[in-house]
Structure formats: C-alpha cells, structure tokens
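Enquirer:
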Amino acid sequence: MLETFFKRLRSGQSFSETRPVTQAGTQNYENVSVVFVCQAGEWEIKALLLAASLRRWCGNAIELIACVPGPTEVWGELSAETKLQLKLLGVRQQSIVNAWGREFSHANKISCLRVPVARPIIAFLDSDILCLGEPDFSHPGKDRIRIKLADAAPFENDVEVWKRIYAVCGVDFPDYRYPMTATSQYTLPFFNSGVMVVESSFAKKLADEWERLSAVIRLAGNLPDRRLWSDQLGLAVAFQNLGIKPQVMDFRQNHPTHLMPLSLFPDVRLSHYHWPTVLREEPKLVAELKYYVGASAEVRKVIEANSEWSGILGSRKRTGGRENVQPNTLLITGISRSGTSYLCQLVDTLSNAMALNETPELVTSLLGQGPAWGLATYLRRIRRLVAEGLPITNKVLNGSVINDTAVRDELSTYIPPVDSEDFTLAAKNTFAFLSSLPRIRRVLPEARIAVCVRNPIDTIASWKASFPHLLNADTSVRPVGNANDPWISPARSAELRSIAETQNLANRRAMLWRYLAERVLEDRGNHVLVKYEDLVVDPPAQLRRILGNWDAGTPSQPITSGRARSKRHVLDEEDLIAVSTICADVAAELGVWECS
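Numbering (the working numbering), first residue to last: 1089 to 1684.
Next up, the structure:
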C-alpha cells in the first residue's frame, strides 16, 4: 500500500513491493539505468520527488543515478536530508563536471550521458518530472534514441534561422519537417531533451557531439539569443550530423504539464511539470507530493526549507481525491448585447461559483497557431488561485461582476469567495469564443457552453447605443475571429471581408448579426441556447437549465424576475428594413424572430 512506501524503504523490503497493487509490472527495468541531475537548492527537491516516484512505479530492478554537479563552491552541496533520502531510495550518487559552469547549467544533462553504466539502456530524465505510471524505457536499437518532439518552434522566422544554425555548425540542412506537440506547427527537427532513452554504448558519442555543437551555437554571434535552448538546438544538429532519425515518444512519456492539463491525458507516465506553480495546479501531482512528504521526514524538511514549495503543503485540501482540474467549467458566449454579461453576473452571485468577465487572457490564449491550450491552463491557474483564497483580476465593481460592460468596463483585483474547491468556474467572452468553439472543445471537452441570443432588432438597437466597434460592425479590432485569423476558413474570411467592405452601415450591422447567428446554428446541439427574453423574465429557471446538477451554491442576494429592455427607438427605417431582409430567416431558425 502507498501508506507504507517509505517504511518499506527503511525496513529493507524490496522496492518492487512498493509498486501500487493496480500495476501489473509489465515493464522489464533490469537493463535500464536512469540518470538525472541533482544539484543543491530547488533542484534537489525535484530530484528527490523524481527518484521516489520512479522507485515507486519501477520497483527495485531499475538503477537510479543522481548526477551531482561539482565543484561544491560553484554548485553548492546537497543537504544531509537529501543525501540520506537518496541512500534510502537506493539511488547511486555520481559526480559530474560541467565545463561551462552556471553560465550554461543546462549542459549538466549532457554530462549525465557520460556517466559509466553497465546496463544496455540509459534513460535521462529532467529532474522536474514526476513519474505517475510505468514508463516505457524499452531498448531504442543500436545507436538509436527515443525522444519526444519539442512543444513549440524556437524561432518566429524559423527556416532562415535554422539555415544559419546548420551553416555555422557545418552540417547539412535537413529536408524534412516535424509538427511541434503543443502548437502543431511544422518546423525543422526539434526535440524536448527532458526524456531520452539511449543505447548506453552510444551515449558518450552522442554527448560529445551534442556538447560540441551546442558550444558552437552558443558562441556564434549571428544567431538569436536562445541561451536556454542552445542545448536542444545543438541536440537537433547533432542528430543530423550523426545520421540519426530518433524514434518519437508520445505525450504519455513526457507530458508538457505546464502547457496542457493532465486531465485530458489519463495515462500519463511521466509528467513534466517544470515549476512548483504548475504542480500545485494539478490535484493529482499535489496528492503525490503530499504523500511523499507525509511518508518521509527528510523530504518534508527539504521542502519546508523552500518557501515556494512549502506553500504547496499549506494549500487547501482537495476534496474527494479529485483529479479533474476543471470539473464544473462553464463557458458563456453568444452574440454581443444578448445577455452574456447579465448571465455572467448571475452565475457569479452564487456562493459556490465565480465568473470571469472578458478578462484579456480569455482572448490572448486563443491567439496563434495550434490548439488553444493556453485557455485550459489559464482556467486551471484561476481555479487554483480562487481555491487558495488568492487575488485574481476580473471586471468587477465592489466585488461583484459588472453586468453591463457598455456602462463600465475596467479590470480590478479582488479575492472571490467560494464555498469549496469544487466550485463552478465560468468564463465569458462573446466574439472570440463564438469564433473558436471547435478549438475550445478540443482543450476543454468537459466544459459546458451557454450561448446567448436575442432578437436581432433589439440586439442591433443595443449595438447602436453601445461600443463603437458594434455601432460600426467593425471586426478588424477583434484579435480573434477577424478576417485574418488563421483559424477562420477561407469562406468565413471572405464573408467577413464582404461585411467590412459594405458601405451602408445598416446593412453591415445586419450582415454581421447574421454571420454570428450562423456560427450559433453551426454549433447547434453542442451547447445550451439561452434566449435573452427567457433569461430576463425567469433567471432562476435558466440557471437551472444551464447548471444542471452542479453544486454552484446559493445566491448571495435574491434573484428577481425582470422585464426585457429595448432600445428600438434608436433604429430608423433603414435599420428595420436591413434587419428584416437579412436576418429574419436565421433569426426564425434560432427561435428569436419577432418584428412587432
């Protein structure tokens, strides 16, 4: 059982007995040596957790080697607690030398591959990894390596910079491209060196070439400053120079947890979390950390000496051992001026819910190429901050979400109260969300989406009386969903350009409303459709429709029925003709058409 893990270590029981009983032990680790860096300070915390998790999941058969950089006057000395815990875990401690010193600390990993081992397979792991299952350390083949593709391309002007890199190194330019794992952008071969499985007889040759080419790149004066990546740049060029096309690992063997929530990848074996701020946002990783700390006084003492790590131990407890970081996530979108801000405020009044009202990150996370992982990790971070009672930034006034951003539209910092960590987290955005629903569903498949619509006559009347970009039906100011957005199809881009080129303002507004309504219809069946009039007349009933069985708490103040407001007096005959001619059919299809 997990509770006896460290007791078994101290009593001399076989490490393989500490493996959770649900594991069949299908991997053969007798031929594997795992090497990782263990240097004084924060990295010894990470190294201790990595070693403990590897021992737990891989058992006693695997050889673990902590590579300790020296001399101590440069790198510091490991604490007595760390040394003792490594010994208890059966970890061999091996001194390594990095000729670059702290100027290029990433080169420590290169030195790890030179550590002498008797086993045929050597696996290098970055220390900021936590093992969550049996890793695949199977033999990669003679003079071969297994590794994951990098998360993103290192340069914007990608090809031209790569050409200079290969020219400086005197290596032939490769003629193939690979997709980066987080952005899906195709680029020159580029890999994440956080997990590497190498034939041990080949490791030193690879390390020598890797170090040589990394030094060339690092010292070159005509290359962009990518000091933190010079080792991975050098590794890619070394592969090319040695004639190696690596076997590519999948996400399970090196999951970029800082970029993607764990909940979408249930079979992750190695979680590459990078920083304690990311670890504390993942309930599964927090539970692992607290287990090891609770079982070992040495681990606890090392962690308590670091304020950033010790804060995790004092964080609020997760309820029910839940591992899904976004259990009750509601996305509010729709056509502007159709009740989205009002719905956002209604949700936020509930005692076990909070709502983000068009915060900038909801848009910026949707920019660029690739899946919108930034949105998922932003909401993950907000959930953690709220759960820990820490301040966040939102469009609020006196602690309450602003219900009409046309009247007041500013950000403030506050601490939103919730009943428990299983609170409902809502996020509202109109144009960007509505333009990006397929991308959003990929990264937040369990999120519930509410789409607000309203009669186009009243909607466009409100446009004329609110923001200039709505008055002018100007989508060019929208960072996401405009005609130049790479995620917009050619047909939709052409439609947006046609709208923008329309000189008659009444027609342009009606055309934009129709365009947005068609986005809602395209997504029909995948969301909860919320009609403005229904929401205003009976808000409690609509909240029940939207939230279902979620425990969002009770209203902090009475929710009363109201009457739909209208500004039709601002519309002229040209507006009414444009709306009835251009919008009536799709409005009727949505069930919101009435012109009386």
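All C-beta atoms in this analysis are idealised placements derived from N, C-alpha and C, irrespective of residue type, glycine included.
In the DSSP output, which residue or residues are listed as bridge partners for C1686?
Expert: In the structure as shown, the chain begins at 1089 and stops at 1684. Residue 1686 is therefore absent and cannot be evaluated.
Enquirer: If V1283 sits next to K1236, beta carbons under 8 Å apart, how far is it from one beta carbon to the other, in whole angstroms?
Expert: About 6 Å separates the two Cβ atoms, so the contact holds.
Enquirer: For R1234, write down the residues that DSSP places opposite it in a beta bridge.
Expert: In the DSSP output, where bridge partners are listed per residue, R1234 has V1285, Q1335.
Enquirer: Identify, in the order they occur along the chain, each residue of the same chain with its Cβ nearer than 7 Å to the Cβ of E1169, setting aside the five sequence neighbours on each side.
Expert: Correct list, in chain order: E1386, K1389, V1390.
Enquirer: With 16 other CB atoms within 10 Å as the buried threshold, where does I1217 fall?
Expert: Per the 10 Å Cβ criterion, buried.
Enquirer: Quick check: the Cα distance between A1675 and L1401, rounded to an integer number of angstroms?
Expert: Each residue's Cα considered, the two are about 54 Å apart.
Enquirer: Check each candidate in W1250, S1289, E1476 and name the one with the smallest Cα separation from Q1328.
Expert: Looking at the Cα atoms, W1250 is the closest of the given residues.
Enquirer: Can you tell me whether L1485 is buried or exposed, with buried defined as 16 or more other CB within 10 angstroms of its CB?
Expert: The residue is exposed, with fewer than 16 neighbouring Cβ atoms inside 10 Å.
Enquirer: Mind reading off the beta-carbon distance from L1152 to V1179? Whole number of angstroms is fine, and I expect it under 8 Å.
Expert: Correct: roughly 4 Å between the Cβ atoms.
Enquirer: So, for A1520: in the same chain, excluding its five sequence neighbours on each side, which residues have a beta-carbon less than 8 Å away from its beta-carbon?
Expert: Only L1450, V1451, L1454, R1566, P1567, V1568, G1569 meet the Cβ criterion.
Enquirer: Report the rounded CA-to-CA distance for A1514 versus P1349, giving the unit in angstroms.
Expert: Straight-line Cα distance between these residues: approximately 17 Å.
Enquirer: Alpha carbons only, please: which of V1286, M1268, S1288, Y1379 is nearest the one belonging to N1280?
Expert: Among V1286, M1268, S1288, Y1379, the Cα nearest to that of N1280 is on M1268.
Enquirer: Just to confirm, is the Cβ distance from V1618 to A1538 under 8 Å?
Expert: Cβ distance < 8 Å, so V1618 and A1538 count as in contact.
Enquirer: List the DSSP bridge partners of F1212.
Expert: Answer is V1123, M1284, bridged to F1212.
Enquirer: Contact criterion: CB-CB distance below 8 Å. Does A1515 meet it with respect to chain B?
Expert: The structure shown contains no chain B, having only a single protein chain.
Enquirer: Quick one: what does DSSP say G1679 is sitting in, helix, strand or coil?
Expert: Residue state, collapsed to three classes: coil.
Enquirer: Rounded to the nearest angstrom, what separates E1662 and L1463 at their Cα positions?
Expert: C-alpha separation (whole angstroms): 40 Å.
Enquirer: Would you check if the region 1365-1374 and the region 1548-1559 touch, i.e. whether three or more CB-CB distances between them fall below 8 Å?
Expert: No contact exists between the region 1548-1559 and the region 1365-1374.
Enquirer: Judging by CA-CA distance, which residue of L1600, L1220, G1158 is the nearest neighbour of G1147?
Expert: The shortest Cα separation from G1147 among L1600, L1220, G1158 belongs to L1220.
Enquirer: Which one or two residues does DSSP pair with N1482 in a beta bridge?
Expert: In DSSP, N1482 forms a bridge with S1500.
Enquirer: Look up G1382 in the DSSP assignment and say whether it is helix, strand or coil.
Expert: DSSP places G1382 in helix when its eight states are reduced to three.
Enquirer: The alpha helix (DSSP H) spanning A1326 covers which residue range?
Expert: Start and end: 1318-1329.
Enquirer: Quick check on this structure: which residue in W1681, V1658, N1560 has the alpha carbon closest to the alpha carbon of V1541?
Expert: Answer by Cα proximity: W1681.
Enquirer: Beta carbon of A1652, beta carbon of Y1620: below 8 Å?
Expert: Contact flag set, yes.
Enquirer: Rounding to the nearest angstrom, what Cα-Cα distance links R1580 and S1302 in this structure?
Expert: If you take the alpha carbons of R1580 and S1302, they lie about 45 Å apart.
Enquirer: Return helix, strand or coil for I1537, following the three-state DSSP convention.
Expert: I1537: strand per DSSP, three-state reduction.
Enquirer: Which residues in the same chain as P1262 place their Cβ atom closer than 7 Å to its Cβ, once the five residues preceding and following it in sequence are excluded?
Expert: Correct list, in chain order: L1276, P1277, Q1328.
Enquirer: Hey, E1392 and P1364: beta-carbon distance below 8 Å or not?
Expert: Cβ distance not < 8 Å, so E1392 and P1364 don't count as in contact.
Enquirer: With burial defined as no fewer than 16 other Cβ atoms inside 10 Å of the residue's Cβ, what is the status of D1214: buried or exposed?
Expert: So D1214 counts as buried.
Enquirer: Kindly list the residues whose CB is nearer than 7 Å to the CB of V1667, restricted to its own chain and excluding five residues on each side of it in sequence; keep chain order.
Expert: The answer, listed in chain order, is P1544, I1545, I1548, A1598.
Enquirer: Among R1190, C1257, V1285, which residue has its Cα nearest to the Cα of G1229?
Expert: Of the listed residues, the one whose Cα sits closest to G1229 is V1285.
Enquirer: Taking the beta strand (DSSP E) that M1442 belongs to, which residues open and close that run?
Expert: Its beta strand (DSSP E) spans residues 1441-1445.
Enquirer: Quick check: W1601 and T1512, are their CB atoms within less than 8 Å of each other?
Expert: Cβ distance not < 8 Å, so W1601 and T1512 don't count as in contact.
Enquirer: For the beta strand (DSSP E) holding V1658, just list the boundary residues, first then last.
Expert: Where V1658 is concerned, there is no enclosing beta strand (DSSP E), given that its DSSP letter is neither H nor E.
Enquirer: At the level of alpha carbons, what is the spacing between Q1414 and P1628?
Expert: Residue confidence is low: Q1414 scores 47 on pLDDT, short of 50, so the model does not pin down where it sits. Its coordinate-derived value is still stated next. Their Cα atoms are separated by approximately 24 Å.
Enquirer: What distance in whole Å lies between the Cβ atoms of W1298 and I1233, which are believed to be in contact at a cut-off of 8 Å?
Expert: That belief does not hold up - the Cβ atoms of I1233 and W1298 are roughly 11 Å apart, past 8 Å.
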